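Beneath this line is the structure, given in structure tokens, with notes to follow.
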């Protein structure tokens, strides 16, 4: 199974954000143990580094990014991905449209996010970490 992991899931795990961190960390553990194939948009690295600047040291942010890069594939945002996002009339938030186009480029089965509603009725189903864990247990 291939999944694109949204930035919010990575941030939940990075800062142990209660109550979201347990399921998010479990998803990352499944990726690191090769039970599922996880991908992340190249933009997520910049977002993580910036968003966590007030709570996490530079060294710790770099360590976190290095760690997840060890087991998550990086989807580079290319011109075709940007065009696909611009042409997407079903997802109104451009950042989410970029994430969707990244997921599509690696033929992801799911987008793992806490913002499921932002992906509307997209072809690639958006699921919460808890929903994905439940799917995997069946």
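In our numbering, the protein residues as written are 163 to 300. The C-beta atom is built at its ideal place from N, Cα and C for all residues, glycine as well. If you're wondering where the values come from, they're calculated on a predicted model, not measured in any experiment.
- A residue is called buried once 16 or more other Cβ atoms fall within 10 Å of its Cβ, and residue 221, having fewer, is exposed.
- Two segments are said to touch when three or more pairs of C-beta atoms, one from each, lie closer than 8 Å; by this definition the stretch 285-292 touches the stretch 181-199.
- Of all alpha-carbon atoms in 237, 242, 245, the one lying nearest the alpha-carbon of residue 169 is that of 237.
- By a beta-carbon distance limit of 8 Å, residue 259 does not contact residue 166. Their separation comes to about 13 Å.
- Apart from sequence neighbours up to five positions away, the residues of its chain that approach residue 207 with a beta-carbon distance below 7 Å are 227, ordered along the chain.
- Note that the stretch 236-255 touches the stretch 194-214; at least 3 beta-carbon pairs, one per stretch, sit closer than 8 Å.
- Under the three-state reduction of DSSP output, residue 251 falls in the coil class, being neither helix nor strand.
- The continuous beta strand (DSSP E) containing residue 164 extends over residues 164-167.
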